[in-house]
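Take the sequence shown: its letter number 507 is residue 510 in this note's numbering, and every next letter is one higher. Quick reminder that beta carbons are idealized off the backbone N, C-alpha and C, glycines included. Note sheet for the following structure.
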Amino acid sequence: MGQHTAVLPPGGSALHNLADLVTRAAARHGSGCAFVVGAERPTWADFDAAVSQRAGVLAGLGLLPGERVALMLPNTLDFPLHYFAALRAGLVVVPVNTGYTAPELRHVLGDSGAAALITDDAGSRTVAAIRAELTELRHVLSPDALTTDGDAPPPGRGGEDLAVLIYTSGTSGRPKGAMLSHRAMLANLEQLGAIEPAPVTERDIVLLVLPLFHIYGLNVGLGMQAWAGATGVLVERFDPQGCLRLMSAERVSTLVGVPPMYVVWSRADPEDLRRGFADVRVALSGAAPLPVGALAAIRDVTGVGVYEGYGLTETAPVLTSTLVGGRSKPGSIGRPVPGVELALWDDDGQPVDLDDGEDTGQIAVRGPNVFAGYWPDGHDGPDSDGWLATGDIGFLDDEGDLHLIDRRGDLILVSGFNVYPQEVEAVLLAHPGVRDVAVVGTPDELTGEAVRAIVVPEPAADPSADELIEHSRRSLARFKCPSAVTFVPALPHSVTGKVSRSRLREMGFG
């Protein structure tokens, strides 16, 4: 992969720029396998040299430190290679969803002012239709075109400088660019690494199947793997049986996953599941709640507990994990990772009085992993004391573990009473005839809003609306129960498994 070698940052092992992760891994584990991609198995020394070479090519194109470079690439070796190369060249990376349409891509590239886009043939075809509208986009580059010789520029950016500009939809409106500095991204890796047991060590083999353009796959998957100098097994798309076979063959020990993965695996043949999980030491789940039944099924068959966590794009991303408490706890998203402060606020932005028995409020967080606000001016960032209100509602149980109830913006008000969709969804998912569900509010003349359930039934089941409403009444107060049930063949989901409420609204629900 070339003979270029990066220079260790000042201080030897100090991490200032995210690309220093690769430099450190090469220094400590140079002959160790960095990635497994089919037959390709570059060592950390090979990968470090290739990153420097590509950084030199990018600098040679006239791309200046601080300019934005968009990456629209699948989970192949090209993604980590060009991600770290752009960072080493002092550029800002804009990860782009590979499924974006031309209008969606136009918004991200135009809003970020990206000077370059690195993408494959599919992405090149998508951008071709809008290229004339993107006046700041000087280069559309294929990874194969970046193989000429080049000298990496000396590292000059890091710390509080912007490293990653990642677009997130939030609860409404067009996607906004969350500004994550080198400091914030590195801080979250240090926070995760301080957990005992650490989710990733140098001896681990990590399954990198989550999209690397998403903050969870990017920093918890790829970031933690590079932080530890571990081996990453890159997978372009999730195939349940294929992944189990690969996990067995490569002896995967750390999983960074989302609930839909574990739900599908929980229904797999027990022998296949046992073989796939034979070497798994740590299994992480995030981005959405993990159904209790799936967690129990995997633990019963494999003996592996799945640790749930919670985070935001804006916090690089992890805030809490059940791994901190040392046990997977159904329904809980755990305790703050080391270095993160957490508080519950009331509607006036004041801390709830836990001594008075109040245990529910909006989750607010503070820590070095919090973003600098939204592009380009840092609006809606943390307050003057460093606190960020998440918009999520949670409560603390008697053991001090956090439970997520719902997003503040998704509250349904029935006759003035709060209904959290996630609470209703959890009850409906416990019915054997329900495969997937989303709960939304609909206008109601009498109560202001009413609860509506949009249900995907199990293929072999045929639950009726009355049956599901009666099922809800056995677990929920009457005002929380659905007054209407709509059956659909499928629900729209994001790449991490969350139900897309914005797309539900586009479909006329809620």
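Within 10 angstroms of its Cβ, does residue i collect 16 or more other Cβ (buried), or is it exposed?
i	result
Ala233	buried
Gly161	buried
Phe374	buried
His85	buried
Leu449	exposed
Ala132	exposed
Met510	exposed
His382	exposed
Arg455	buried
Ala22	buried
Gly15	Note that Gly15 scores a pLDDT of 36, beneath 50, so its modelled location is shaky; the value from the coordinates is reported in the next line. Exposed is the call here.
Gln353	exposed
Gly226	buried
Arg240	exposed
Asp388	exposed
Leu293	buried
Arg31	exposed
Pro339	buried
Arg508	exposed
Arg27	buried
Val295	exposed
Asp272	exposed
Thr174	Bear in mind that a pLDDT of 43 at Thr174, under 50, signals an unreliable position, so the model cannot answer this.
Ala464	exposed
Phe512	buried
For the beta strand (DSSP E) holding residue i, just list the boundary residues, first then last.
i	result
Gly342	Gly342 -> no beta strand (DSSP E), and no H or E assigned at all.
Val97	Val95 to Pro98
Gln365	Thr363 to Arg369
Ala166	Leu165 to Thr171
Ser184	Lys179 to Ser184
Leu322	Val321 to Ser324
Gly314	Val309 to Gly314
Ile121	Ala119 to Thr122
Within the present structure, is the beta-carbon of residue i separated from the nearest heavy atom of the ligand FMN by less than 7 Å?
i	result
Pro214	As far as ligands go, the structure on display features none, and thus does not contain the ligand FMN.
So which of the options has the shortest CA-CA distance to residue i?
i	options	result
Gly342	Thr316, Thr363 and Arg369	Arg369
Gly451	Thr101, Leu414 and Asp303	Leu414
Ala229	Glu473, Gly412, Ile472 and Val54	Val54
Thr138	Asp447, Asp114 and Ile336	Asp114
Ala62	Gly306, Asp275 and Val95	Val95
Leu479	Pro492, Val427 and Phe82	Val427
Pro200	Ala281, Ala286 and Leu221	Ala286
Met75	Val143, Gly93, Leu18 and Arg57	Val143
Arg57	Pro146, Leu471 and Pro485	Pro146
Val491	Val111, Leu64, His19 and Pro462	Pro462
Gly364	Asp395, Gly376 and Asp358	Asp395
Thr489	Ser505, Ser503, Arg477 and Glu470	Glu470
Arg278	Pro243, Pro263, Leu293 and Asp404	Pro243
Pro379	Val259, Pro292 and Arg71	Arg71
Tyr219	Thr46, Leu258, Val295 and Ala281	Leu258
Thr171	Val99, Asp439, Lys483 and Leu80	Val99
Leu213	Ala42, Asn222, Asp207 and Gly296	Asn222
Ile198	Ile208, Gly329, Ala88 and Ala48	Gly329
Ala105	Thr150, Arg134, Val458 and Pro83	Arg134
Arg109	Thr122, Thr129, Ala125 and Arg91	Thr129
Ala148	Arg141, Thr122 and Gly159	Thr122
Ser288	Ser486, Tyr265 and Ala299	Tyr265
Leu494	Arg476, Arg438, Ser486 and Ile472	Arg438
Arg506	Pro485, Arg477, Pro460 and Val443	Val443
Gln425	Gly93, Leu215, Tyr103 and Ala291	Ala291
Ser3	Asp409, Asp303, Ala300 and Val355	Summary: the structure shown does not reach residue 3, with the chain confined to residues 4 through 513, and so no result is reported for it.
Which whole-angstrom value is the C-beta distance of residue i and residue j, which I expect to be below 8 Å?
i	j	result
Ala441	Val417	Not quite, the Cβ-Cβ distance comes to about 17 Å (not below 8 Å), so this is no contact.
Gly500	Val267	Not really, about 11 Å apart at Cβ, beyond 8 Å.
Thr323	Lys332	That pair is no contact at about 11 Å.
Glu253	Val236	5 Å
Asn372	Thr318	5 Å
Leu210	Leu247	The Cβ separation is near 10 Å, so there is no contact.
Leu195	Pro202	6 Å
Start and end of the alpha helix (DSSP H) containing residue i?
i	result
Arg504	Arg504 to Glu509
Leu84	Asp81 to Arg91
Val111	Ala105 to Ser115
Leu144	Premise fails: Leu144 lies in the beta strand (DSSP E), His142 to Leu144, not in any alpha helix (DSSP H).
Val488	Element bounds for Val488: not the alpha helix (DSSP H) but the beta strand (DSSP E), Ala487 to Phe490.
Val498	Counting along the chain, Val498 falls outside any alpha helix (DSSP H), and DSSP gives it neither H nor E.
Ile301	Val295 to Thr305
Looking at the C-beta of residue i, does it have a partner C-beta in chain C at a distance below 8 Å?
i	result
Ala281	In summary, chain C is missing from the structure at hand, where a single protein chain is found.
Which runs of the beta strand (DSSP E) spanning at least 3 residues fall entirely within the stretch 383-442, listed in chain order? 391-399, 405-410, 415-417 and 420-422
Going along the chain, which unbroken runs of the beta strand (DSSP E) with 3 or more residues stay wholly within the stretch 211-292? 234-237, 257-260 and 285-288
For a minimum of 4 consecutive residues, which ranges assigned as the alpha helix (DSSP H) are wholly contained in the stretch 453-478? 468-476
Ordered list of beta strand (DSSP E) runs contained in the stretch 7-75, each at least 3 residues: 71-75
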